[in-house]
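Colleague: This structure is in structure tokens; I'll ask about it shortly.
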Ligand SMILES: C[S@@+](CC[C@H](N)C(=O)[O-])C[C@H]1O[C@@H](n2cnc3c(N)ncnc32)[C@H](O)[C@@H]1O
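Numbering (the working numbering), first residue to last: 543 to 879.
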């Protein structure tokens, strides 16, 4: 890692600033050392030039098992990676270019890819960036990241590699122009946290594009669906729409690769969705969204309800205005007695 980028990193556990302690470096490139939190409670090693921000140190069982299984096939991973595309007779390059299009990158964008594997997608990201672009590539499985480093370390732009859990990102808020992941999130131990983290580190207005296996629901009861789900049970995973953060806007879901994979694309907003809750709604019922939700007092009998409706009609008021006046007057009178 370049020493000049050390300021970019934050503790994946707390978000606190980290101090770089260099053991060995050459020409501004840190070969070994540590990142430490100021309190010294968390230490993240840098070995062979790659910081390891894996958090929690004791990974959740699902993440540990996933990492172990990818470690065991890392040498052959690239020989197998094109199998899904061959199976579905789809072009891997076309699919990846399409996802990169969705990220709306500029040549000088700062982009994050988590779970980048051996760098198959990162090659497409890099093509869209110029010399002032910045590409941050993260992986949970060190042996896969080694393959990405072989493919991508000699590019004419800043490319920074690190080991990290996609659900605990070692970056400050609003740091990237866009973030991407493809192919692994279905098995992440904490999918909602990963999606929230991606939204947290992307600047408001920036795009997040995530994809993985999930058979289109209309295909579940077809020969195609049954045969392919039998070979790959991950096709039964659901699209994690309910796990999106509240800052997600302009959400789009697509099923690609013959309907066997989904992509979710969203734009990051500054906060939760908002509305004019107090807008007065012109109708017999009257009131606002706010009074309708928060202003309810208690139910009354059918007879009282019918009388109230009659009375508000005679008064030529909306139910909200009539009730507001009647209840307020009655309460005031009661309180002054
Ligand atoms: C099928 S591979 C896809 C690799 C790459 N994104 C691609 O498109 O070729 C899934 C990747 O997700 C990574 N992964 C799994 N769990 C992860 C986690 N919790 N955080 C980050 N990466 C993870 C795996 O190590 C693996 O490289």
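Just so it is clear, CB atoms sit at the ideal spot from N, CA and C, and this is done for glycine as well.
Which same chain residues end up closer than 8 Å to residue 619 when comparing Cβ atoms and leaving out the 5 residues on each side of it in sequence?
Modeller: Residue mapping note: residue 619 aligns to position 77 of the chain shown, counting from 1. Contacts found: 612, 659, 660, 686, 689.
Colleague: Can you give me the start and stop residues for the alpha helix (DSSP H) that residue 846 sits inside?
Modeller: Sequence index remark: in the chain shown, residue 846 carries index 304 (1-based). First-last of the alpha helix (DSSP H) with residue 846: 844 to 856.
Colleague: The alpha helix (DSSP H) with residue 867 in it runs from where to where?
Modeller: By one-based count along the chain shown, residue 867 stands at place 325. First-last of the alpha helix (DSSP H) with residue 867: 861 to 878.
Colleague: Taking 5 Å as the limit, name every residue whose beta carbon sits nearer than that to some heavy atom of ligand 1, in sequence order.
Modeller: Those residues, listed in chain order, are 605, 608, 612, 657, 659, 662, 663, 682, 683, 686, 707, 708, 724, 725, 726, 730.
Colleague: Assuming residue 744 and residue 720 make a contact with CB atoms under 8 Å, what is their CB distance in whole Å?
Modeller: Counted from its first residue, the chain shown places residue 744 at position 202. Counted from its first residue, the chain shown places residue 720 at position 178. Yes, they are in contact, since the Cβ atoms of residue 744 and residue 720 sit about 6 Å apart, within 8 Å.
Colleague: Taking the straight line between their C-alpha atoms, what separation do you get for residue 667 and residue 642?
Modeller: Against the chain shown, residue 667 aligns to sequence position 125. Against the chain shown, residue 642 aligns to sequence position 100. Between residue 667 and residue 642, the C-alpha separation is close to 6 Å.
Colleague: Please report the straight-line C-alpha distance between residue 827 and residue 648, rounded to a whole angstrom.
Modeller: The sequence position of residue 827 within the chain shown is 285, counting from 1. The sequence position of residue 648 within the chain shown is 106, counting from 1. So the two alpha carbons sit approximately 51 Å from each other.
Colleague: Our contact map puts residue 591 next to residue 563 with C-beta atoms below 8 Å; I'd like the distance itself, whole angstroms only.
Modeller: Your numbering for residue 591 matches position 49 in the chain shown. Your numbering for residue 563 matches position 21 in the chain shown. Their Cβ separation, rounded to whole angstroms, is 15 Å, which puts residue 591 and residue 563 out of contact at 8 Å.
Colleague: Please go through the region 597 to 661 and give each complete beta strand (DSSP E) segment of 3 or more residues, from N-terminal end onward.
Modeller: Within the region 597 to 661, the complete beta strand (DSSP E) runs of at least 3 residues are 652 to 655.
Colleague: Do residue 811 and residue 712 have their CB atoms nearer than 8 Å?
Modeller: Along the chain shown, read from residue 1 onward, the residue named residue 811 stands at position 269. Along the chain shown, read from residue 1 onward, the residue named residue 712 stands at position 170. Not closer than 8 Å, so no.
Colleague: Say whether the region 784 to 793 touches the region 827 to 844, bearing in mind that this needs 3 or more beta-carbon pairs closer than 8 Å, one atom from each stretch.
Modeller: Contact fails: fewer than three Cβ-Cβ distances are below 8 Å.
Colleague: With DSSP run on the structure shown, which of helix, strand or coil describes residue 831?
Modeller: The residue given as residue 831 occupies position 289 in the chain shown. Residue 831: helix per DSSP, three-state reduction.
Colleague: With H, G and I counted as helix, E and B as strand and the rest as coil, what does DSSP make of residue 580?
Modeller: As a first step, residue 580 is located in the chain shown; it is residue number 38 there, counting from the start. Three-state result, residue 580: coil.
Colleague: Can you tell me which residues form a DSSP beta bridge with residue 797?
Modeller: As a working mapping, residue 797 is identified with position 255 in the chain shown. Partner(s): 804.
Colleague: Can you tell which of 844, 836, 876 has its C-alpha closest to the C-alpha of residue 483?
Modeller: It is not possible to answer for residue 483, since the shown part of the chain is limited to 543 through 879.
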